[in-house]
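Per my numbering, residue 1 is the first one in the sequence shown, and the count goes up by one each step.
Backbone N, C-alpha and C define an ideal beta-carbon position, used for all residues, glycine too.
Treat the numbers as computed from the prediction; the structure is a model and nothing was measured.
Notes follow once the structure below has been shown.
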Amino acid sequence: MRDLTPLALVGASGWLGRFMGPALLRAGVVGPGDFIGLNRSGASEAYAQWPGLRWSTDPEKGLEGAGMVILSLRPDEFRAAPLRCPGALVLSVMAGVSMAEIRERTGARAVVRSMPNAAMEIGQSFSPWVAEAEADDADRAMVRAVLGASGREEAFAREADIDVYAAICGAGPAWAALLLEALAAAGRAEGLSPEQALAAAEGAVVGAGAMLAGQGAQAGAMVDEFIAYAGTTAAGLEAARAAGFAEAVAAGIAAGTQKARALG
Ligand SMILES: NC(=O)C1=CN([C@@H]2O[C@H](COP(=O)(O)OP(=O)(O)OC[C@H]3O[C@@H](n4cnc5c(N)ncnc54)[C@H](O)[C@@H]3O)[C@@H](O)[C@H]2O)C=CC1
Ligand SMILES: O=C(O)[C@@H]1CCC=N1
Numbered sequence: 001m002r003d004l005t006p007l008a009l010v011g012a013s014g015w016l017g018r019f020m021g022p023a024l025l026r027a028g029v030v031g032p033g034d035f036i037g038l039n040r041s042g043a044s045e046a047y048a049q050w051p052g053l054r055w056s057t058d059p060e061k062g063l064e065g066a067g068m069v070i071l072s073l074r075p076d077e078f079r080a081a082p083l084r085c086p087g088a089l090v091l092s093v094m095a096g097v098s099m100a101e102i103r104e105r106t107g108a109r110a111v112v113r114s115m116p117n118a119a120m121e122i123g124q125s126f127s128p129w130v131a132e133a134e135a136d137d138a139d140r141a142m143v144r145a146v147l148g149a150s151g152r153e154e155a156f157a158r159e160a161d162i163d164v165y166a167a168i169c170g171a172g173p174a175w176a177a178l179l180l181e182a183l184a185a186a187g188r189a190e191g192l193s194p195e196q197a198l199a200a201a202e203g204a205v206v207g208a209g210a211m212l213a214g215q216g217a218q219a220g221a222m223v224d225e226f227i228a229y230a231g232t233t234a235a236g237l238e239a240a241r242a243a244g245f246a247e248a249v250a251a252g253i254a255a256g257t258q259k260a261r262a263l264g
């Protein structure tokens, strides 16, 4: 079977990388001897429990012989650096950089794109991914293992959809934070102290998030049930709808999707 090691993580000390790398090592997806961390600023503290890891600031040397390369750097950084890794399986988490461009710039054997999110920090990212036809079963299994070490992964078919995934899933924690913050601000406006408002908003968002796990298909029915109840929740939901709640979210997702498309 083809050897996908060593695995090189470019951007290993970045926002996502410093959680993704340690998660891979903890889960044993790769052994410490088969991991190469690449980062311009060197090793992050997040890797302190693996003192013998191979680190490089030089992509030319760091990527030499890599069986798999994860690209977790920003699109403009990717475009500015020579990141050649001919023959490697490349998994990119970059927004907006197409498979075709990644293949051309890296010389990859096969390219996979994913859109994880910052919940990688707690091993709770939802990470949809799409693979080129060139990726074989072993490549796909490795991608599942890599992304699965930081949460839940799910394959999808059309690369074009990844820009929408960027707007919804990539930004996932930001959307929940925005809702929490808006709830807290509204609580303050209704007379709660800042502390009370934050505790109330956090409690509502966190508890609801846990309750909705695996229940996405029921969300519409749940809203209908609350509306039919005709109590305080219904009053709130109806006023928010009338004020353009759905339109505001749709505008946000359209803008995020557009931005991802424009990066390409
Ligand atoms: N932060 C997030 O919530 C999400 C980010 N993404 C995508 O993930 C990618 C990485 O994002 P972040 O971790 O937020 O970025 P970041 O800016 O925190 O990390 C990128 C790291 O790559 C390093 N780097 C840049 N060029 C390099 C090079 N040539 N060689 C070695 N290291 C290099 C930088 O020093 C930095 O530490 C981006 O393309 C972004 O679109 C996707 C989903 C969510
Ligand atoms: O905000 C960003 O550009 C990155 C990519 C998708 C989510 N976060």
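The residues T106, G107, A108, R109, in chain order, have a CB closer than 8 Å to that of P86 in the same chain once the five nearest residues on each side in sequence are set aside. Inclusion of W15 and A118 in the CB contact set at 8 Å is warranted, their separation being smaller than that value. Rounded to whole angstroms, G67 and E132 show a C-alpha spacing of 17 Å. A distance criterion of 7 Å places the beta-carbon of S98 beyond contact range of ligand 1, judged by its closest non-hydrogen atom. Sixteen is the threshold: when 16 or more other Cβ atoms of the shown chains lie within 10 Å of the Cβ of S13, as they do, the residue is buried. Every alpha helix (DSSP H) of 4 residues or more that sits fully in the stretch 15-82 is shown, in chain order, as 17-27, 59-62, 75-80.
Every residue whose beta carbon comes nearer than 6 Å to a heavy atom of ligand 2 appears here in chain order: A95, A166, G170, A171.
Under the three-pair Cβ rule at 8 Å, the stretch 137-155 counts as touching the stretch 24-42.
Between the stretch 247-264 and the stretch 154-165, the count of C-beta pairs closer than 8 Å reaches three or more; the two stretches touch. Using a Cβ-Cβ distance cut-off of 8 Å, the stretch 32-48 and the stretch 57-65 are in contact, since at least three pairs of beta carbons, one from each stretch, lie closer than that value. Measuring C-alpha to C-alpha distances from G151 to each of C169, R188, L192 identifies C169 as the nearest. Between V205 and L180, the C-beta gap is smaller than 8 Å, which places the two residues in contact. Within the same chain, and ignoring the five residues on either side of L198 in sequence, the residues whose Cβ sits closer than 6 Å to its Cβ are A184. Secondary structure note for A110: its beta strand (DSSP E) is the uninterrupted segment 110-114. Put simply, of L89, V69, I102, E64 the residue whose alpha carbon is nearest the alpha carbon of A80 is I102. Leaving aside the five residues that flank G256 on each side, the residues in its chain whose CB is nearer than 7 Å to its CB run, in chain order, A166, A167, A171.
For R152, the pairing in a beta bridge is given by DSSP as F126.
Counted as a single uninterrupted DSSP element, the stretch harbouring A217 is not any beta strand (DSSP E), since DSSP gives it neither H nor E.
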